[in-house]
Amino acid sequence: MRKIKHVRRVFLHAFLVFSIIIILFPTIWVITTSFRRDEAAFSSDLFTTRLTLQNYIDLVAPEKNVPILIQDMQNILSRAKPYNELSYSQAEQKISVSLQKITSYLKETRLRYEDARKSYEYISEFLQNHSEEIKNTASADLEHLKETVSKKIMDKIPFSSEEFMVVLYEYLSKEKYGSAVFNALKDDLSSLTQLDIDSSEDFENALEKLKMIYDSYIGKYSRQYETKTEELELLNKDLAVVRSQLNEFQKEILNLDMILNQDLINEMNSIMESLENLLDLKNSLMESSVENPWLIEDEWFFASISSTIEQLEKIKSRFEGFLDYEAVLNTVDRIISILYEFDFVNPNMKKKLIYSDLLRAYQELQPRIERIAKELDELSINLPEKINTFKQLGEKFSELNSTISDLKAQQEEISAKLETINSQFNDERMMVNLKIFLSQLENRISTVSSIKSFEKADLLKYSAVLNWLRGFFNSYNERDEVYEELKRVIDKMRWIEEYRTFATKFENFSKNLESVFIDVERYLQDFQISWKQLLKVSFNGIFVTSEPLSKLYDVVKLDFVTRVRSDMAVVMRKSGVLMKIAPFSQLKDDFGAVDKNLFRVDQIWKQKTKHYFLRWVLNSVIVSLIVAFITTAVCAVAAYPFSRMRFVGRRYGILSLLLIQMFPSVIFMVAIYNLLNFLGRYIDFLGIDSLGGLIFAYLTNIAYNMYLIKGFYDLIPPSLEEAAIVDGATRFQSFYKIVLPLAQPILTVVFLLVFIGTFNEYVIARIILQNVQNYTYALGLWAFSTGPYETEWGLFTAASLLGMMPMVILFLSLQRYLVSGLTRGAVKE
Numbered sequence: 001m002r003k004i005k006h007v008r009r010v011f012l013h014a015f016l017v018f019s020i021i022i023i024l025f026p027t028i029w030v031i032t033t034s035f036r037r038d039e040a041a042f043s044s045d046l047f048t049t050r051l052t053l054q055n056y057i058d059l060v061a062p063e064k065n066v067p068i069l070i071q072d073m074q075n076i077l078s079r080a081k082p083y084n085e086l087s088y089s090q091a092e093q094k095i096s097v098s099l100q101k102i103t104s105y106l107k108e109t110r111l112r113y114e115d116a117r118k119s120y121e122y123i124s125e126f127l128q129n130h131s132e133e134i135k136n137t138a139s140a141d142l143e144h145l146k147e148t149v150s151k152k153i154m155d156k157i158p159f160s161s162e163e164f165m166v167v168l169y170e171y172l173s174k175e176k177y178g179s180a181v182f183n184a185l186k187d188d189l190s191s192l193t194q195l196d197i198d199s200s201e202d203f204e205n206a207l208e209k210l211k212m213i214y215d216s217y218i219g220k221y222s223r224q225y226e227t228k229t230e231e232l233e234l235l236n237k238d239l240a241v242v243r244s245q246l247n248e249f250q251k252e253i254l255n256l257d258m259i260l261n262q263d264l265i266n267e268m269n270s271i272m273e274s275l276e277n278l279l280d281l282k283n284s285l286m287e288s289s290v291e292n293p294w295l296i297e298d299e300w301f302f303a304s305i306s307s308t309i310e311q312l313e314k315i316k317s318r319f320e321g322f323l324d325y326e327a328v329l330n331t332v333d334r335i336i337s338i339l340y341e342f343d344f345v346n347p348n349m350k351k352k353l354i355y356s357d358l359l360r361a362y363q364e365l366q367p368r369i370e371r372i373a374k375e376l377d378e379l380s381i382n383l384p385e386k387i388n389t390f391k392q393l394g395e396k397f398s399e400l401n402s403t404i405s406d407l408k409a410q411q412e413e414i415s416a417k418l419e420t421i422n423s424q425f426n427d428e429r430m431m432v433n434l435k436i437f438l439s440q441l442e443n444r445i446s447t448v449s450s451i452k453s454f455e456k457a458d459l460l461k462y463s464a465v466l467n468w469l470r471g472f473f474n475s476y477n478e479r480d481e482v483y484e485e486l487k488r489v490i491d492k493m494r495w496i497e498e499y500r501t502f503a504t505k506f507e508n509f510s511k512n513l514e515s516v517f518i519d520v521e522r523y524l525q526d527f528q529i530s531w532k533q534l535l536k537v538s539f540n541g542i543f544v545t546s547e548p549l550s551k552l553y554d555v556v557k558l559d560f561v562t563r564v565r566s567d568m569a570v571v572m573r574k575s576g577v578l579m580k581i582a583p584f585s586q587l588k589d590d591f592g593a594v595d596k597n598l599f600r601v602d603q604i605w606k607q608k609t610k611h612y613f614l615r616w617v618l619n620s621v622i623v624s625l626i627v628a629f630i631t632t633a634v635c636a637v638a639a640y641p642f643s644r645m646r647f648v649g650r651r652y653g654i655l656s657l658l659l660i661q662m663f664p665s666v667i668f669m670v671a672i673y674n675l676l677n678f679l680g681r682y683i684d685f686l687g688i689d690s691l692g693g694l695i696f697a698y699l700t701n702i703a704y705n706m707y708l709i710k711g712f713y714d715l716i717p718p719s720l721e722e723a724a725i726v727d728g729a730t731r732f733q734s735f736y737k738i739v740l741p742l743a744q745p746i747l748t749v750v751f752l753l754v755f756i757g758t759f760n761e762y763v764i765a766r767i768i769l770q771n772v773q774n775y776t777y778a779l780g781l782w783a784f785s786t787g788p789y790e791t792e793w794g795l796f797t798a799a800s801l802l803g804m805m806p807m808v809i810l811f812l813s814l815q816r817y818l819v820s821g822l823t824r825g826a827v828k829e
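Per full-length UniProt numbering, the sequence shown runs over residues 1 to 829.
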């Protein structure tokens, strides 16, 4: 017998395991997040041990907490919907029950707070009793860090003395005698300069010696760089001034261009055309035979012509040489040449009758000519100077830009040299930083060693040390043993800072919670005195509200949120963090108790957004069941003729239906929307924003399912039906009593697939449904991911899991038909 050889496929198995983990991870995350008590949207942890069923409770059986009860009582007093149908006794009973619930909530809040307070006090007392142990642990960690840094320094020595002196000067030139940095580097300074440094004068002398070395390496380039920087600053200031002046002249010249080339040029062309017409009239005087019996006064005419020519000649001289105003110049020149034609008129021509017409026409045109000439004179009076100044400024601007570009190139060249030189001193700089850090670390160790307890002042000292360590850690660029040790010490001491925040916020919210309690009890007592009388007045037809109840709601919605809940949320979050990182495992349960009790207090007082989750799921179930039933019934009946009967168009009919099914139903949404909008005017339950209209829109997947059922019908022997017909059954009876029972597997499959597809559909429902109460499950999930629920990941994931239940239940109950139904209708035997 041949032995079977087993082959180990390690890589294949590893790949499959990895793939399964990747595929299942989203599901695992959804499940775990739905049970989270912390704010998953803001937590850095992927998973947490702070678990609760509150998300599921809020979805399935939401609790009427304090804000909701206050709103309900106010609505009952005002007889607002849905409480306007209550009788007096029912309203009285509801308010009494609500008051009892609020009283019990207040009592529970106090008990929960007292339990949290006891746990907090125990934690504080425990840490106070172990303050010496905490101090010793922190001191030991800092001492170990000190040893690591010292070893790092010793391993790096010796360095080039000159390079070390350059770096020393960089640091000490900015310091004063006796500063912390000076004290850290004093011995090195004395050793390298061979000077005893006992005074500020000795310090200055030592710096002078260092400066000589510094200048030989970096100083000259640094000074050159600073000089170039100063020159650039001055040039940039000059450039800004020139740019400002240039912009002003540019605006002025552009404005002049606009007036001349757009406004005045049209007017000048009109005047020129009129003058040309008058010139034609003048030339026609010789042809006139009618003389004027009266003497015509025309001296004013020639005086006007002469003065206008003189004025336009001056204007013309100003525009000469400027190509931008060539059109204006040509027009002025043409007007001048026409006016010269009028400068002399034959005396015999002056006797003609139409000569008077010429003078009158010119007299009408004269004001326009004088106005245009005046405007041109005003606009062009300083034009050459302005344009020349503008050109000079442009040249100066270009010159400054060129100079600045050259200086920047020189500065970049110097900067590149400095960067190259500075890179030679990286090790020395790191060593100086470590020496300074080591000196300051010794002071921090002394500070920690002097701590006697674990009070607020001591916590501040620990926090100051931790912040100082973090500052150096963030600036330290090496990834060596010092970096790792720093990270370890910071991580170990982080719990102290977290506890300080925890304790501070707990004390803050405790103080504010007591004042909120006082206000709540005061307003609640006032309401208890007056509510029965107000209710009677309300039932007499007068609109009333309770001012104490309004004030109470303000306290709950505003004061509690701003003064209590914000700090309480920090306490809960820090409790969860401290449960994991605090070095005392004995305190884990106490931190958990604080978190648990305050979470319940938060749920009692939290203003929760109203939702209709159960209604959304019910809407989806109703729509999916109806669509699945109609689709299955129609397909079961419609598939029968294609399987059993022979008729014209049978083959191409089902192919046409399949072809239509290839197009997604969304592309027909415009037509469907308009149809539903029309039907809704006459049949309410088939209109827009109705479940009936949505059901109608979903009935678009009949062709594919009909083809699936038809394939199954083909497998049922026709002889069974023929035998029934021989026995006297009708065609319908044979279909109903023989074919349908045998086709039960495929009908179940179609029903299940249509149900699941409809239940999860989003796009069509989003287009048709508008009222939030009519939403389906898919739209409800979308609502949970936006707006006020955007960061409520726990609620969103819980809704996702709960919404799956109808599909899971239906699938499990019908799964035995699924495989057989799909495969038996897939092939022909």
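Note that the Cβ used here is the ideal one computed from N, Cα and C, for glycine as well.
### Message
Could you check whether the Cβ of Arg37 sits closer than 7 Å to any heavy atom belonging to the ligand ZN?
### Response
Among the ligands in the structure shown, none appear at all, so the ligand ZN cannot be discussed.
### Query
Can you find at least 3 beta carbon pairs, one from the segment 595–608 and one from the segment 526–542, that sit closer than 8 Å?
no
#### Entry: Separation of Ala503 from Arg110, as counted between CA atoms
19 Å
### Task
State the Cα-Cα distance for the pair Val564 and Glu231, rounded to the nearest angstrom.
58 Å
### Task
Kindly give me the distance between the Cβ atoms of Lys557 and Gln525, rounded to whole angstroms, as I take these residues to be in contact under 8 Å.
That pair is no contact at about 20 Å.
### Query
Using DSSP with H/G/I as helix, E/B as strand and the rest coil, what is Leu715?
coil
### Message
Determine whether the beta carbon atoms of Asn677 and Val750 lie at a separation below 8 Å.
### Response
no
### Task
Give the secondary structure of Lys176 by DSSP, where H, G and I count as helix, E and B as strand, and everything else as coil.
coil
### Query
In the structure shown, what three-state DSSP assignment does Lys396 receive?
helix
### Message
Considering just the uninterrupted stretch of the alpha helix (DSSP H) at Asp491, what are its terminal residues?
### Response
Glu481 to Phe539
### Query
Going by other Cβ atoms of all chains shown within 10 Å of its Cβ, with 16 needed for buried, is Glu313 buried or exposed?
exposed
### Query
So does the segment 578–587 actually touch the segment 98–114, counting three or more Cβ pairs closer than 8 Å?
no
### N-terminal and C-terminal residue of the alpha helix (DSSP H) that Phe18 is part of
Val10 to Ser34
#### Entry: Residue interval of the alpha helix (DSSP H) (run including Met272)
Ile265 to Asn283
### Query
What are the boundary residues of the alpha helix (DSSP H) that includes Asp257?
Lys220 to Met258
### Query
So, using beta-carbon positions, are Leu418 and Leu145 closer together than 8 Å?
no
### Query
Across which residues does DSSP place Lys551 in a beta bridge pair?
DSSP lists no partner for Lys551.
### Task
Indicate the three-state DSSP secondary structure (helix, strand or coil) for Lys352 in the structure shown.
strand
### Task
Note down the Cα distance separating Arg824 from Ser643, rounded to an integer number of angstroms.
Reliability fails at Arg824, whose pLDDT of 49 lies under 50, so the model's placement of it is uncertain and no value is given.
### Message
Taking its Cβ as the centre, do 16 or more other Cβ atoms sit within 10 Å of Tyr362, making it buried, or is it exposed?
### Response
buried
### Task
Determine the direct distance from the alpha carbon of Leu207 to that of Asp595, and round the result to whole angstroms.
59 Å
### Query
When you compare each of Thr447, Leu239 and Ile336 to residue 839 by their alpha carbons, which one comes out closest?
Because the chain is modelled from 1 through 829, residue 839 falls outside the range shown and cannot be assessed.
### Query
So, Gly803 versus Val617, is the Cβ gap smaller than 8 Å?
yes
### Query
From Ile335 to Glu310, what does the alpha carbon distance come to, in whole angstroms?
12 Å
### Query
Mapping DSSP to helix, strand and coil, what is residue 906?
Absent from the model: residue 906. The displayed extent of the chain is 1 to 829, so no value can be given.
#### Entry: Test item: CB-CB of Phe319 and Ser415 under 8 Å
no
### Contacts around Ile197, its chain only, beta-carbon distance under 7 Å, and the 5 residues preceding and following it disregarded
Lys186, Leu189, Ser190, Phe203 and Ala206
### Task
Please work out which residues of its chain come closer than 6 Å, Cβ to Cβ, to Phe472, disregarding the five sequence neighbours upstream and downstream, and give them in chain order.
Phe437
### Message
Could you compute how far the alpha carbon of Asp115 sits from the alpha carbon of Asp155?
### Response
55 Å
### Query
Does the Cβ of Thr33 have 16 or more other Cβ atoms within 10 Å, making it buried, or fewer, making it exposed?
buried
### Nearest neighbour of Asp215, chosen from Glu163, Ile756, Lys456 and Ser317 [CA to CA]
Glu163
### Task
Using 10 angstroms around the beta-carbon of Pro741, count the other beta-carbons present and answer buried if the total reaches 16, otherwise exposed.
exposed
### Message
With a threshold of 8 Å on Cβ separation, who are the neighbours of Leu281 within its own chain once the five nearest residues in sequence on each side are excluded?
### Response
Ile354, Asp357, Leu358 and Ala361
#### Entry: Pick from Tyr713, Phe249 and Lys152 that is closest to Lys391, judged by C-alpha positions
Phe249
### Task
Mind checking which residues open and close the alpha helix (DSSP H) that includes Asn760?
Gln744 to Asn760
### Task
For Ser449, count neighbouring Cβ atoms within 10 angstroms of its own Cβ and tell me buried if that reaches 16, exposed if not.
exposed
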